[in-house]
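S.K.: Handing you this structure, nothing more for now.
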Amino acid sequence: MTLDDVAAGLASSDPETRRRAAGRLVSESGERAAALLIQALGDGDWRVRKEATSVAMSLAPSPDILRALVETFAPTEENVGLRNAAVEALGGYGAAAVDALGVLVHELDPDGRKLSAEALGKTGEAGALLLLRTLMEDRDPNVCAAAVEAVAAIGATRIDEVAPLLLHYLRVPDAILRLSALNGLNQLGVVIRWEDIEELLRDPILESAALVAAGRGADPLAAESLVGALAKTRHTVRSAALRALVDFVRGGAIAFEAARGALQRLPATERERLITLADEPANALDERRAALVVLGALGTREAARVAVRALADEQVNAEAEEAVLALGPFALPALLENIRRAEGRQCAAAIGLAAQLTDQDTYREVTQTVLPALTGGSDDDTEAALVALARVGDRRALHPIARLLGAQSVRVRRAAAEALADISRRYPDAAREFARSAGVEATSALAAAVIHGALKAPVRGSVEEDLAFLSAAVSADDMLLRRAALDALAALDSPQAVEVVAFALTDEELEVRRAAVRSLGAMQTQDGTPAGLEPLFDLIRRRPETELLVEAITALGQAGDPRALQVLRPLLYSTDAFVAVQAVESVGRLHDPARAEILSEGLEHPDPEVVKSALQTLADGVDPIGQRQLARCLGHEAWDVRRLAADLLGRVGGQAALGPLRMRLSEERDPLVRQTIQRALAELESADTTVRRTTPPPSRER
Amino acid sequence: MSPLRPVEPRLPLIPRDFRLLRDLINEQAGLHFDDDDINIFDRRLAPRVLALELESFHEYYKYLRFNLRGNSELDEAIDLLTTNETYFFRQEYQLRAFRDELLPRLADKNLRKKRLSVWSAGCSTGEEAYTIAMLVQESGLFVGWDVRIIGSDISRRSVAAARRGVYQRPSFRTTSETRQRNFFHVEEDGLHIVDQIKKLCHFGRLNLLDGGNAAIVGVMDVVFCRNVLIYFDARSRRRVIDNLYDRLLPGGYLLLGHSESLLNLSTAFELVHLKEDLVYRRPTAAGSWIDE
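Read top to bottom, the protein sequences are chains A and B.
For what it's worth, this note's numbering labels the leading residue of the first sequence as 1, then goes sequentially.
For what it's worth, this note's numbering labels the leading residue of the second sequence as 703, then goes sequentially.
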């Protein structure tokens with residue numbers, strides 16, 4: 001399609017034809033194309049304007065287009081749709097738009113200056129601040145308000161400069177300006193002094209935003225006002241107070257206690273309303289979630305009952321869990337009651353939480369309550385009970401847990417082994433006695449092998465006796481027993497133990513061979529020298545199946561011996577990305593001066609997974625080679641490599657990373673990578689800030 | 703020694719492994735998760751890491767990437783990450799608009815062919831699809847018509863649950879007693895959808911990003927795609943909307959969730975103002991861009 005065709009399309013009476021014609025401009029350039037694009041941006045139909053805006057933002061910012069866009073802010077232009085589209089398009093042009101607006105902004109009328117401020121805010125460019133500062137002092141209040149909002153929009157990268165500016169605007173007479181500044185500070189997470197917030201709370205226009213600020217600030221003096229606002233007549237204020245209280249109770253132990261005190265002084269009817277809000281599934285989900293979190297600070301048995309009940313509802317169970325943990329001892333009776341009644345999914349959650357809340361005074365009762373849940377319930381309940389007993393269980397639990405080591409469910413078996421090992425470490429005498437009573441053919445042999453793995457040798461009187469038992473177990477019929485015995489052998493310092501484990505590399509079951517490899521990697525002599533390396537080197541030279549090879553590479557990394565470097569280095573070039581990734585990770589674990597240089601070779605691998613692994617491993621080190629390589633990968637062809645490089649530079653790159661990140665941002669087109677670069681820049685640029693900020697807590701559900 | 707082990711996470715998900723997993727899910731399914739969604743991954747995927755006898759989330763990531771069974775495990779992970787509880791008659795104001803304004807229009811429009819097709823795209827465990835069927839039935843406008851309600855979801859587990867049609871208490875948070883009596887029968891394992899509603903609904907597993915696959919559902923009078931777009935990144939959202947557009951008959955309606963809009967996504971639809979809601983419509987022909 002030629003530009004004449006586009007022009008004809010844009011002249012059509014059919015909006016869809018005009019929209020399609022505007023879309024064609026994406027592959028055009030030059031003055032005429034710019035003029036047509038401006039024509040499309042000013043189209044009477046919003047769909048055509050939207051299409052044109054999208055085209056404008058995907059094009060490189062040519063001087064023709066920039067000039068034409070800025071000129072739409074002139075007083076002679078009356079097309080509102082065109083002006084709004086120009087704001088969007090200029091916002092997408094970043095630094096180039098800032099320069100273009102800087103030339104013209106002071107010649108524009110108030111409307112034009114206001115639009116300029118909006119466009120500057122949308123650029124996200126720190127360079128726009130200078131211009132915006134002048135617009136904040138504009139004689140027209142609408143221009144000032146737009147400039148304040150724009151400053152907040154780009155403030156994250158210049159927090160030291162922006163926060164005082166916005167704080168200053170909290171004291172100006174105009175309430176709208178104050179609200180813009182307050183919203184901006186909330187958006188940037190800047191902590192505002194309680195004395196300042198208290199004053200803002202008196203203004204109905206600012207009240208909700210001020211409550212948000214008070215919640216984030218978590219000053220204990222704010223507790224009464226926040227809790228008091230729960231009883232206000234306006235729903236918007238009550239709702240803002242509830243959400244603010246969520247931030248407040250999450251703001252640390254002092255704020256939490258202050259909230260608890262204030263909630264206890266709340267009239268009974270209001271407390272009841274809070275409990276009902278948290279309890280009733282028909283209530284708005286976000287309010288119910290917030291109410292549950294606040295219940296955690298209420299500290300009553302009724303609050304505990306509601307929170308425990310809510311564990312069964314997947315939509316609010318994360319907040320219910322948070323409330324139960326915050327309620328602490330208040331919640332334990334309700335949890336134990338729930339476990340006794342064994343109500344499905346709720347039961348597993350209750351078991352886990354009860355274990356976390358158990359202390360020296362209650363562990364016997366909790367163990368007694370949880371033990372029956374090992375049998376008869378779902379696998380989830382059994383697993384939860386095992387995990388709980390791993391923390392609170394005593395010697396009474398050894399036998400019931402041992403019976404579950406051969407369970408059908410992998411998760412149950414694994415939890416049983418972990419629980420048995422944990423209890424054995426807390427009650428070693430009882431565990432040794434149990435292990436000594438087991439013969440290799442007995443059903444309890446598996447438990448004995450697990451106990452051998454958990455306790456220091458000797459378990460049976462002497463290292464030789466331990467070795468004899470475990471050697472026999474490695475030859476047993478039961479695959480689980482062979483595997484557990486190999487895990488236990490890893491802790492024995494004995495050349496015979498190495499021989500037994502090395503022979504297990506011939507086992508017919510892959511899982512057993514993998515256990516043998518792991519064990520060889522972990523074996524050490526008394527002075528800490530790796531004892532199982534030679535069989536591992538042999539195995540790698542013989543090139544076994546991938547899974548075993550990868551396990552062996554992992555084991556070499558865990559052994560941490562620099563001799564492994566020569567075996568691992570060629571594997572970095574493996575065409576099997578799984579093997580190469582594992583080699584990269586294992587090289588990363590070795591303490592060798594050549595480590596960073598060898599890892600850099602991984603960046604040349606054709607598979608992006610290997611490159612990502614090398615990048616991550618280099619970032620974990622502190623060497624300057626690694627830092628340079630991170631910056632180089634900003635230009636990698638795979639988007640996920642570029643995103644990872646940007647992310648890592650934001651975390652470890654320091655001020656030296658600012659240049660490469662800014663340069664990449666000007667070229668990057670992938671929205672996810674751009675977002676990551678912008679966040680990395682914000683992190684680096686505000687790294688030395690003295691401004692106190694809060695960050696939003698991780699979300700639980702959407 | 704203390705009788706208690708210190709409280710510590712059994713299987714911690716560290717941010718670097720979360721970022722790897724998040725990008726993999728994005729790459730494979732277009733699903734978008736923020737940095738602060740780490741807890742969702744932790745809570746929902748930890749049981750899989752344990753079940754596969756893996757030592758860490760990092761091992762799980764490598765399993766998904768490199769193991770021969772990685773692809774089917776990825777389906778399982780997507781299942782777990784996207785399954786959210788929903789309930790019957792959710793966002794009732796929109797459903798009223800559907801029943802009172804859209805269904806009468808469609809009854810007029812399709813009078814000759816006597817056929818009505820509605821797609822619940824991203825139907826989770828089926829509550830929305832069955833709700834639509836109940837509303838169609840309640841309207842009394844389509845007796846003797848060929849009514850097809852299609853429910854699709856990316857989660858195998860959700861589709862299986864939808865097909866089963868057995869629900870528990872949380873699914874009825876906004877369902878009146880009368881509707882519970884009319885459309886369900888009580889059994890030991892929960893409330894079962896009655897057959898006359900069940901037979902109107904057909905369920906299948908579909909990735910909304912996959913236009914070719916989506917074509918299997920045929921052409922639709924109405925598409926419900928509520929609270930689904932939030933899971934996709936901007937790029938993928940556009941593709942999903944394009945696919946939904948292709949599935950709609952000219953004049954067909956698209957209903958999004960209350961917090962969702964096509965702003966910045968598509969200019970192909972026209973906006974229709976109903977009494978209680980705004981919905982989107984595929985234009986009947988070029989030139990009919992007039993809001994009602």
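Backbone N, C-alpha and C fix where the C-beta goes; we use that ideal spot for every residue, glycine too.
1. Under 7 Å between beta-carbons, which chain B residues line up against E551 (chain A)? List them in chain order, please.
2. Quick check: the region 325-334 of chain A against the region 296-312 of chain A, are at least 3 beta-carbon pairs closer than 8 Å?
3. In terms of alpha-carbon separation, which member of A:A241, A:R139 and A:R133 lies closest to H168 (chain A)?
4. Excluding sequence positions up to five away, which residues of its chain have a Cβ less than 7 Å from the Cβ of L467 (chain A)?
5. Please identify, using Cβ separations under 9 Å, the residues of the region 481-504 of chain A that lie next to chain B, in order along the chain.
6. Grab me the residues of A384 (chain A)'s own chain with a C-beta within less than 6 Å of its C-beta, minus the 5 sequence neighbours each way, in chain order.
7. For the alpha helix (DSSP H) containing L104 (chain A), list its first residue and its last residue.
8. Can you list the alpha helix (DSSP H) stretches of 4 or more residues lying completely in the region 902-986 of chain B, in chain order?
9. Per DSSP, what kind of secondary structure is W46 (chain A) in: helix, strand or coil?
10. Going along the region 638-657 of chain A in order, which residues come within less than 8 Å of chain B, judged by CB to CB distance?
11. Where G393 (chain A) and C927 (chain B) are concerned, what is the direct C-alpha to C-alpha distance, given to the nearest angstrom?
12. Looking at chain B, is there any beta carbon in it that lies within less than 7 Å of the beta carbon of V392 (chain A)?
13. Quick check: the Cα distance between S990 (chain B) and L747 (chain B), rounded to an integer number of angstroms?
14. What do you get for D5 (chain A), buried or exposed, if any count of 16 or more other CB atoms within 10 angstroms of its CB means buried?
15. Starting from V820 (chain B), trace the beta strand (DSSP E) both ways and give me its first and last residue.
16. Can you tell me which residues form a DSSP beta bridge with D855 (chain B)?
17. Could you pull the DSSP bridge partners for Y869 (chain B) from this structure?
18. Which same chain residues, not among the five before or five after G124 (chain A), have their C-beta less than 6 Å away from its C-beta?
19. Helix, strand or coil: which one does DSSP assign to R693 (chain A)?
20. Could you confirm whether any beta carbon from chain B is found closer than 7 Å to the beta carbon of S699 (chain A)?
21. Determine, for D400 (chain A), whether the minimum Cβ-Cβ distance to residues of chain B falls below 7 Å.
22. Going by beta-carbon coordinates alone, are S62 (chain A) and V26 (chain A) separated by less than 7 Å?
23. Check whether the region 465-485 of chain A touches the region 443-457 of chain A, counting contact only when three or more Cβ pairs, one atom from each stretch, lie closer than 8 Å.
24. Taking the alpha carbon of Q524 (chain A) as the reference point, which residue from A:T375, A:R692, A:D561 and A:A278 has its own alpha carbon closest?
25. Using C-beta distances below 6 Å, list every residue in its chain close to G959 (chain B), excluding the 5 sequence neighbours before and after it, in chain order.
26. How far does the alpha helix (DSSP H) with E161 (chain A) in it reach, from first residue to last?
27. Using a Cβ-Cβ distance under 7 Å, would R414 (chain A) count as near chain B?
28. Using a Cβ-Cβ cut-off of 7 Å, state whether Q356 (chain A) counts as contacting chain B.
29. Go ahead and pull the three-state DSSP assignment for V190 (chain A).
30. Is it a yes or a no for the region 841-854 of chain B touching the region 937-949 of chain B, going by three-plus beta-carbon pairs under 8 Å?
31. Can you tell which of A:M136, A:L489 and A:G112 has the C-alpha that lies nearest to the C-alpha of A472 (chain A)?
32. So, helix, strand or coil for V70 (chain A), using DSSP?
33. Under 7 Å between C-beta atoms, does A373 (chain A) make it to chain B?
34. Name the chain A residues whose beta carbon is nearer than 9 Å to that of R721 (chain B)?
35. Going along the region 703-717 of chain B in order, which residues come within less than 7 Å of chain A, judged by CB to CB distance?
36. Please list the partners that R411 (chain A) has in chain B, where partner means a Cβ-to-Cβ separation under 7 Å.
M.R.: The relevant details are as follows:
1. Here the premise fails: no neighbours, minimum Cβ distance about 11 Å.
2. yes
3. A:R133
4. L492, S494, Q496 and A497
5. none
6. A348, I351 and G352
7. A95 to L104
8. 913-916 and 936-949
9. helix
10. D640, R643, L644 and D647
11. 49 Å
12. yes
13. For S990 (chain B), the pLDDT reaches just 42, beneath the cut-off of 50, and the residue's location in the model is therefore unreliable, leaving the point undetermined.
14. exposed
15. R817 to A823
16. B:R907
17. B:L893
18. I154
19. strand
20. With a pLDDT of 41 at S699 (chain A), under the threshold of 50, the modelled position of that residue is not reliable, and the figure given next carries that caveat. So, interface residue.
21. Reading the sequence as shown, one finds Pro at residue 400 (chain A) and not Asp. Output row for P400 (chain A): interface = no.
22. no
23. yes
24. A:D561
25. R928 and N929
26. I159 to Y169
27. yes
28. yes
29. strand
30. no
31. A:L489
32. helix
33. no
34. R643, L644 and D647
35. M703, P705, L706, R707, V709 and R712
36. P749, L752 and A753
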